[in-house]
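For the sequence shown, our numbering begins at 204 and goes up steadily by one.
Backbone N, C-alpha and C define an ideal beta-carbon position, used for all residues, glycine too.
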Amino acid sequence: MSIQQPYRLIISGGGTGGHIFPAVAIANEFRDRHPDARILFVGAKGKMEMTRIPEAGYEIIGLWISGLQRNVIWSNLLFPVKLVVSYLRAIRIVKQYKPHAVIGTGGYASGPIMLAATWLGIPSVIQEQNSFAGLANKQVSSRVSKVCVAYEGMEKYFPKDKIVLTGNPVRKDMLTIDSKRARALSHFGFDANSRTLLVVGGSLGARTINESVIGGIEKLIDAQVQIIWQTGKGYYNLYRERLGKYDLRRIRIQDFVHEMDLAYAVADVIISRSGALAVSEICIAKKPVILVPSPNVAEDHQTKNAMALVNKGAALLVRDKDAHVGLVDEALKLLFDAQRAKRLSENIARLARPEATMAIVDEIDKLLVEGSLNADLPNKAKTTNAQDKTSHNQKMDASGLQPIMVRS
Numbered sequence: 204m205s206i207q208q209p210y211r212l213i214i215s216g217g218g219t220g221g222h223i224f225p226a227v228a229i230a231n232e233f234r235d236r237h238p239d240a241r242i243l244f245v246g247a248k249g250k251m252e253m254t255r256i257p258e259a260g261y262e263i264i265g266l267w268i269s270g271l272q273r274n275v276i277w278s279n280l281l282f283p284v285k286l287v288v289s290y291l292r293a294i295r296i297v298k299q300y301k302p303h304a305v306i307g308t309g310g311y312a313s314g315p316i317m318l319a320a321t322w323l324g325i326p327s328v329i330q331e332q333n334s335f336a337g338l339a340n341k342q343v344s345s346r347v348s349k350v351c352v353a354y355e356g357m358e359k360y361f362p363k364d365k366i367v368l369t370g371n372p373v374r375k376d377m378l379t380i381d382s383k384r385a386r387a388l389s390h391f392g393f394d395a396n397s398r399t400l401l402v403v404g405g406s407l408g409a410r411t412i413n414e415s416v417i418g419g420i421e422k423l424i425d426a427q428v429q430i431i432w433q434t435g436k437g438y439y440n441l442y443r444e445r446l447g448k449y450d451l452r453r454i455r456i457q458d459f460v461h462e463m464d465l466a467y468a469v470a471d472v473i474i475s476r477s478g479a480l481a482v483s484e485i486c487i488a489k490k491p492v493i494l495v496p497s498p499n500v501a502e503d504h505q506t507k508n509a510m511a512l513v514n515k516g517a518a519l520l521v522r523d524k525d526a527h528v529g530l531v532d533e534a535l536k537l538l539f540d541a542q543r544a545k546r547l548s549e550n551i552a553r554l555a556r557p558e559a560t561m562a563i564v565d566e567i568d569k570l571l572v573e574g575s576l577n578a579d580l581p582n583k584a585k586t587t588n589a590q591d592k593t594s595h596n597q598k599m600d601a602s603g604l605q606p607i608m609v610r611s
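As structure tokens, this is what we get:
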């Protein structure tokens, strides 16, 4: 018996924008193709996704889960308990929601929900953004249906026969930034004849980058550089206060840049961490970039992401430990070296994968028509006919997992 529409999808990913925004991009593309689809997100309580996902128009349930803290041993004592509780709850969510497929984009909640999906026999896809695979993705890769990756050579982490090289999904508004420069200039109130520097330290901010920029702010102001500076929520008040004595007409400092497509459109040079999402979006933007990899990530994967571009002449690299000395000077040189900037821009454009989101949803669609999805859902995941009749505008209560009406 074939599965009837509307399709039901669970997507799990969060913790940082690098996991959240790809998940939303996949959801948006899937909904564009299947307007009646029901999509439920599963994230981690207290994390960024619990606000960002509803802002994007989707329902979300939070699991009581967090990652291991490398430097705070006592805070890890509850980790095994959280993991077991979250896994059991993930099983309940999957059984009740009866998804036709489950997608994981990484983050704390992704592990339990993907384990639950594979144990219940639900077709599943994981999307690995980095050149170094995350622990949760490696652990479930042998059990999922497909593994979508952004870099070549990922066979050392995942089963070769399950890998599909798709690239990383990016927000759809990023695909049209070439036509947005005039709008971006107006939005930020900038002069078309001045050079613009975009500074982003990831969705949570980066102290090293922030300190480097504030340390070199007078040089940037003297050079009449326009600045869009995303500090991260935890750093905004500090650096906004430290800018108090300066002329802010050329500086747009924000805790989080919501109009990132416009920021990319107006930027002449970008300073950025080298998280997977940032790297993918900068490739799409085709802008010269100075990457400052975070040293505080598993297996130094941000350096690996950065070197994938640097080795192709598509980006410059400044080490985190060297940023306070040379980052602003390097940015100023690049801002006023048109030939070098053009060369970097041309090289990074060759690495862009604007079709990545569509390619990932293509893989999901294939699962929806293959044998595993042309039959009834596995018995473990079946629920009563009454549960099947829940309306499209229902969501699950975070405590009891009973559907409740979404208030308009």
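Query                                                                                                                             : Result
C-beta atoms of TYR439 and ASP425 nearer than 7 Å                                                                                 : no
C-beta contact flag for MET377 and ILE487 at 7 Å                                                                                  : yes
Opposing strand residues paired with PHE244 [DSSP bridges]                                                                        : ILE214 and ILE263
Cβ separation of MET251 and ILE223, assumed to be a contact under 8 Å, to the nearest whole Å                                     : 6 Å
Neighbour-count burial assignment, ALA385, 16 or more Cβ in a 10 Å radius                                                         : exposed
Nearest candidate by alpha-carbon position, reference ARG346, set THR219, GLY337 and LEU318                                       : LEU318
ASN596 classed as buried or exposed, judged by whether at least 16 other C-beta atoms fall within 10 angstroms                    : Legend: pLDDT at ASN596 = 39, less than 50; position of this residue unreliable, value from coordinates given subsequently. It counts as exposed.
Separation of ALA320 from VAL245, as counted between CA atoms                                                                     : 12 Å
Contacts around ASN588, its chain only, beta-carbon distance under 8 Å, and the 5 residues preceding and following it disregarded : Reliability fails at ASN588, whose pLDDT of 37 lies under 50, so the model's placement of it is uncertain and the value that follows must be treated cautiously. Around ASN588: no qualifying Cβ.
Cβ shell of GLU358 (< 7 Å), same chain only, five flanking positions each side left out                                           : ILE366
Inter-stretch contact at 8 Å, needing at least 3 Cβ pairs: the region 527 to 537 / the region 421 to 436                          : yes
Limits of the unbroken beta strand (DSSP E) element including THR321                                                              : Here THR321 belongs to no beta strand (DSSP E); instead the alpha helix (DSSP H) covers 313 to 322.
Extent of the continuous alpha helix (DSSP H) to which VAL531 belongs                                                             : 526 to 538
THR399 (DSSP reduced to helix, strand or coil)                                                                                    : strand
For GLY220, three-class secondary structure by DSSP                                                                               : helix
Residue environment, VAL476, which counts as buried when at least 16 other CB atoms sit within 10 Å                               : Per the sequence presented here, residue 476 reads as Arg, with Val not at that position. Result: buried.
Three-state class that DSSP yields for ARG522 in the structure shown                                                              : coil
Rounded straight-line distance, which links the Cα of LEU243 to that of ILE264                                                    : 8 Å
Backbone CA spacing between GLN427 and PRO491 [nearest angstrom]                                                                  : 19 Å
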